[in-house]
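Participant:
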Amino acid sequence: MSHSQCQECQKEVTEEELLSQLDGILDDYVDKPGGLIPALQVAQKLFGYLPKSALKQISTKLNKPYSEVTGVVSFYSFFSTEPRGKYVVRVCLGTACYVRGGKEVLSSLQKELEISVGGTTPDGLFSLDIGRCFGACGLAPVLMVNEETHQRVKPDKITELIGFYRDLEVNLIKEKAG
Amino acid sequence: MIKAEKLTSIIDLNVIGDSVRNDNLKIGKEVTDKILLCAGGGCIASGSLAVKSALVDEIKSRGLEDKIKIVETGCLGPCSRGPVLVTAKDKIFYQGVTPDDASIIIDKHILQGEIIERLCWKDEATQSPVPVITDIEFFKRQTKIVLRNCGEIDPLSIEEYIARDGYLPLAKVVTEHSPEYVINEMKKSGIRGRGGAGFPTWMKWSFAQKNHSDVKYMLCNADEGDPGAFMDRSVLEGDPHSIIEGMAIGAYAIGASQGYVYVRAEYPLAVERLQVAIDRARECGILGKNIFGSEFTFDLEIRMGSGAFVCGEETALIHSIEGKRGEPRPRPPFPAESGLWGKPTVLNNVETFANVPAILLKGGDWFASFGTEKSKGTKVFALAGAINNSGLVEVPIGTPLGEIIYDIGNGIPNDKKFKAAQIGGPSGGCIPKQNLNVALDYESLNDLGAIMGSGGLIVMDEDTCMVDVARFFLEFVQEESCGKCVPCRVGTKRMLEILERICDNKGVEGDIERLIELGEQIRDTSLCGLGQTAPNPVLSTIRHFRHEYESHITKKHCEAGVCRGLVRAPCQSACPAGVDVPGFVSLVGERRYAEALRLHRERNPFAAVCARVCFHTCEDKCRRSTIDEAVSIRALKRFMVDQEITIQIPEVRENAKNAKTKVAIIGAGPSGLSAAYFLARLGYRPDVFESEPRPGGMLVQTIPAYRLPRETLAREIRMIEGLGVDIRTNKKLGVDFSLSELIEGDYKAVFLAIGNAGSIELSIPGSDAKGVTTAMNFLRTYNLRGSVPVGKSVVVVGGGNAAFDAARSAIRLGAEKVAIVYRRGQDEMPAYVEEIDEALQEGIALMPLTNPEEIMVEDGKVVGIRCTPMKLGEFDRSGRRRPIKEDKVFVIDCDQVILAVGQNIENPEIFEKIKLKMNNNENVIVHAVTHQTSIPWLFAGGDVAVVGNADRTVIEGVAAGERAAVGMDEYLTGSNHAFWREERPNDTLFDPGAEPVPFPRAKMPLLSVDRRKNNFNEVEQTWTEAEAVRQAKRCLRCDYGH
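Taken in order, these protein sequences are the chains called A and B.
One point on numbering: in our numbering, the residue at position 43 of the first sequence is 43, and numbering is uninterrupted.
To convert, count from 1 in the second sequence and add 10000; that's our numbering.
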């Protein structure tokens, strides 16, 4: 039995539990016109990614061929069929950020996390992605860690930034233990 | 305030509106003040929510909850200054507010009415605070229609929206007017779609209205995917009700009962606020059945994108809402006929919808009074990139680009030069500085190969490489291409490969033509807008910056210092001569001065000369300046050359065959002597012909000794002679010998480097009077003959180095008063900043923005100069503001006028005889790499044959001499032997993991003014060894690991 962490409540839950939660949620999308993409978005939020089991369930429940479901999943860059890190770091490489040094920020992150774009650290803590404009061009270069925007990031401040999230995690573990 | 519940009539709206307006009237009375805190996406990222909670705490702790209100508003515009806030009572604008400022804002400002200057906007020119928001240039010059409520209201409060006439247009339309009336007002307004293509909105609506169907759809495109555009985001976050109202009005006009807003997933805050607004509108009966008691029914749903840029295209967006892969399909049928689920559908952009309520409220004619003849209304631009005031700005369509960049955006930071503005994102193009005056409207932009697009306006400075920018955009569209049609899927890939090659030092001749051909094919044959516009950034940069592509391909040089494959270190890349800057700087840091100097002379023989007079473009590109200030490269060079005891000569390769091949060089200036030096290192024995009695060209004739001691120059010239170069002085081309004589006399190749020794005359009345001279004559006479007549009161006309050399020489030669008059502003003087500073110290009066009109003459002698003050007008083709005359005159009394307005070729008729190809600027046309002219055996360089947009400087002359030497050798032998161009390994110690040393940049010591004003002693002094070594360690060693 595989264990994973619920993205919303941060508690250990089994995949079976998540699938049964999903089943309930999907009731809202069965008759919704064009409901496949919203359903996938909800499922990804629940699991943190889109495991095969969830896709199968969506396919059955919405009465869509599995091929159509995976076809949609593979088209949109927001959907991931691989588990993502707890903190998804997305470096903006939109035009404004690009001309203000977004590239250097990215290479500094690659060095710090020792992963390439699209990768996830072995401890499952961080994933690294590039983004195409978060609409914060006035504050370029920016990056997002999950939904939090960090502005005017400097390549030499990356260690500090990542360190902040690492410490956060260490404290969480301590709290749990203590 | 009354909470809005079910609203069924205009009267209901008025009740809510009055209640909010009444509350606002209490500000300054029962309520002390209201703080409007920007909670747009930008300010939140800057920490505005922490500021809010600090403010709330401070208010609570004083028990003033009823007296001081706080409202979170949408985007105010100047994102780079966030977090920002405005106080409602006095309209005071505060920027860069931190949580620590909360208590002082409450105590000092709100309670005691004292303005906190520290947090105010500062006037750019005077640095004095501008507290009131309406006095600030950035806001003053804008016209807000789309952003009318952003920053003024709480975006989540339907009541506040209603109080600003919100939902009144909708109520009137559905109860009093027909759909035709709405379409007609839209037609009168002349509004065109703000999503990019600029299709008239009324026409789209009219098509959909005429297509009969039981179901129709109204869609809002909020999939703002263009990198660099964030206006839709700001409207959604700052005024979501205006979108709901705009869509409802549109739906009424076309007969739709269901709408969807397609928002990209990257905008969680926009989705959240829009959802709240939709829920509130539904609660109040503004969405749903029988809106305002009419028959009209309309509801709205949000659909979130999932990260596909192509979904900004209308048919792809429709597929995505249908739950499918977001691939486009061919049109026709257009969505107005068959759109979402096969029903008539209208899709408009966020900004278009935000305009609709304003048009219906105030009338189409009112809207049409803004903008140009063909493009009406305003446009919101997202100003970002290399600009001081980045953020959102809204201006009437047709506003000149330069006004947005300089007057609203306050120009380019860090004294960098404007290079281009990229407009319209990956579908758009760039606008170079020659076109700063372009009116931003749909047609003018199309003419330049750009598009309005959604309004992303990215400013790029001189540090941006246009080839790299093109590569960036192509990488973007290539990744975002959905893959459905071949031209876009494969074509963009091929284009990207070519661009990647060019940026990686592997460009080949013909690449530019291939890019154009491919680009045009992709443009003409792709299925949807993404592919059709994908080549635009490439075609547009080729159109305006072709020389940069050529320079990457043929010269293997990236002038912006960006492309990794072409740039070892930015300083080295910026040096026209390619001196190994990190190499010699790090050797100085290890006290290995002789090695450092030899390394320098590998690429530039005039190390000691350039240590005094170089324009140091290397320092402009130094990466250390991103931490504090650039490394003092020129000062380090000065210290290095001062340590030279025995002259350091780099490698010479003897070659018996070359030694017998006769090569002539005409002109013993920096360019001619450098060519001689490099030819000698290949084993040639070149002869140099110089018209003046002393070699050195401008270095000896015009540059004064207080900047360049004569022995310093003589020593380096002797070094060159020592390599087997024969310099023959007093030999003037066209007088003592001719080009044909040289060739007939067994010379196999000739390098022409005669410079620009002629002066451009200023054709104003009186310029032939006694006491008027040119800077060239003045300086040359003094420097070569030892004396020159100097007036008591001297006026120098010009702003270049020659003007300053003449002025400072005049002071030293006994002039009592010296003034420099210059037509343009002081910032635009071409002279070096150091020279301007030193001249001011020496008491020279600087009179910028002053135009000489007439030299006043009495008895044939100069007695004064009549001038007109100038002010700065619109932008000219050089990207500078054109000075325009004011309606005033004044006279400066003087007895000597020195004109330093420019130089040209002394006697161009020599070249006419041999049919040498020249361009209009009296510049000999040469090959950019070899310096060969239209006559195979004749090469030319230096000021007489400037390549591209190179400056007429010593270092450019040296670089041209080196290139020509290699070109001539290649012409004579058939191959390239430039062994000095090979990279030298750097064996100095460097720890890449160490923190940069903390020392700040030091200045060179100067001789005090009273010790230098009456003589020609060198002004700049050298550092101590300890200082030099410390300064050398500031280098970040960008070359390391390259």
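Positions of the beta carbon are idealized from the N, C-alpha and C atoms, including for glycine.
It should be emphasised that the depicted structure is a prediction, and the values quoted were computed from it without experimental measurement.
(1) Is it buried or exposed, residue 11042 (chain B), if we count other Cβ atoms within 10 angstroms and call 16 or more buried?
(2) Secondary structure at residue 10302 (chain B), three-state DSSP: helix, strand or coil?
(3) Measuring alpha carbon to alpha carbon, tell me which residue in A:165, A:34, A:13 is nearest residue 68 (chain A).
(4) Assuming residue 10690 (chain B) contacts residue 10667 (chain B) under a Cβ cut-off of 8 Å, what Cβ separation, rounded to an integer in Å, is found between them?
(5) Flag residue 149 (chain A) as yes if its beta-carbon sits less than 7 Å from any beta-carbon of chain B, otherwise no.
(6) Put residue 10793 (chain B) into one of helix, strand or coil per three-state DSSP.
(7) So, does the segment 10211-10231 of chain B touch the segment 10404-10413 of chain B, judging by three or more C-beta pairs under 8 Å?
(8) Counting only Cβ pairs nearer than 9 Å, list the residues of chain A close to residue 10572 (chain B).
(9) Quick one: grab the DSSP three-state call for residue 10432 (chain B).
(10) Write down the C-beta distance between residue 10551 (chain B) and residue 10557 (chain B) rounded to the nearest angstrom, noting that I regard them as a contact closer than 8 Å.
(11) Residue 11018 (chain B) to residue 10706 (chain B), Cα distance in whole Å?
(12) For a test of the three-state rule: what should DSSP assign to residue 150 (chain A), helix, strand or coil?
(13) What residue from B:10861, B:10806, B:10708, B:10808 has the CA that sits closest to residue 10768 (chain B)'s CA?
(14) Does chain B have any CB closer than 7 Å to the CB of residue 75 (chain A)?
(15) Does the Cβ-Cβ distance between residue 114 (chain A) and residue 159 (chain A) come in under 7 Å?
(16) Taking 7 Å as the threshold (beta carbon to beta carbon), is residue 10230 (chain B) in contact with chain A?
(17) What ranges does the alpha helix (DSSP H) occupy inside the segment 10890-10947 of chain B, keeping only unbroken runs of at least 4 residues that lie completely in it?
(18) Can you list the residues of chain A that residue 10268 (chain B) reaches, using a CB-CB cut of under 8 Å?
(19) Would the segment 10571-10588 of chain B count as touching the segment 10596-10610 of chain B if we require 3 or more Cβ pairs under 8 Å?
(20) When the Cα of residue 10797 (chain B) is compared with those of B:10812, B:10814, B:10760, B:10873, which residue comes out closest?
(21) If we define contact as Cβ-Cβ less than 7 Å, is residue 71 (chain A) a contact residue for chain B?
(22) Should residue 10808 (chain B) be flagged as near chain A, meaning a C-beta pair shorter than 7 Å?
(23) Would you decide whether residue 10918 (chain B) is buried or exposed? Buried here means 16 or more other CB atoms lie within 10 Å of its CB.
(24) What is the rounded straight-line gap between the Cα of residue 10696 (chain B) and the Cα of residue 10907 (chain B)?
(25) In angstroms, rounded to a whole number, what distance separates the CA positions of residue 10187 (chain B) and residue 10303 (chain B)?
(26) The beta strand (DSSP E) that contains residue 97 (chain A), what's its start and end?
(27) Let's see if you can read the secondary structure: which residues bound the beta strand (DSSP E) around residue 10817 (chain B)?
(28) Would you call residue 10199 (chain B) buried or exposed, if buried means 16 or more other Cβ atoms sit within 10 Å of its Cβ?
(29) Taking a Cβ distance cut-off of 8 Å, strictly less, list which residues of the segment 32-59 of chain A are near chain B, in chain order.
(30) What does the alpha-carbon distance come out to for the pair residue 10324 (chain B) and residue 73 (chain A)?
(31) Helix, strand or coil: how does DSSP classify residue 137 (chain A) here?
(32) Would you mind working out which of B:10776, B:10800, B:10807 sits nearest residue 10791 (chain B), comparing C-alpha positions?
(33) On the CB-based measure, 16 or more other CB atoms within 10 Å of its CB, does residue 10098 (chain B) come out buried or exposed?
(34) Quick one, which of B:10422, B:10498, B:10344, B:10981 has its alpha-carbon nearest residue 10214 (chain B)'s?
(35) In chain A, which residues lie less than 7 Å from residue 10256 (chain B) when you measure between Cβ atoms?
(36) Take residue 10725 (chain B) as the anchor and find which of B:10338, B:10735, B:11028, B:10677 has the nearest alpha-carbon.
Facilitator: Judging by the given coordinates:
(1) exposed
(2) strand
(3) A:34
(4) 7 Å
(5) yes
(6) strand
(7) no
(8) Those do not exist, as residue 10572 (chain B) stays about 19 Å from chain A at its closest Cβ, beyond 9 Å.
(9) strand
(10) 5 Å
(11) 4 Å
(12) strand
(13) B:10861
(14) yes
(15) no
(16) yes
(17) 10909-10913
(18) 147
(19) yes
(20) B:10760
(21) yes
(22) no
(23) buried
(24) 20 Å
(25) 29 Å
(26) Where residue 97 (chain A) is concerned, there is no enclosing beta strand (DSSP E), although the alpha helix (DSSP H) it sits in stretches over 95-99.
(27) 10817-10821
(28) exposed
(29) 33, 34, 35, 36, 37, 38, 40, 41
(30) 10 Å
(31) helix
(32) B:10807
(33) exposed
(34) B:10344
(35) The premise fails here: residue 10256 (chain B) is roughly 15 Å from chain A at the closest Cβ pair, so nothing lies under 7 Å.
(36) B:10677
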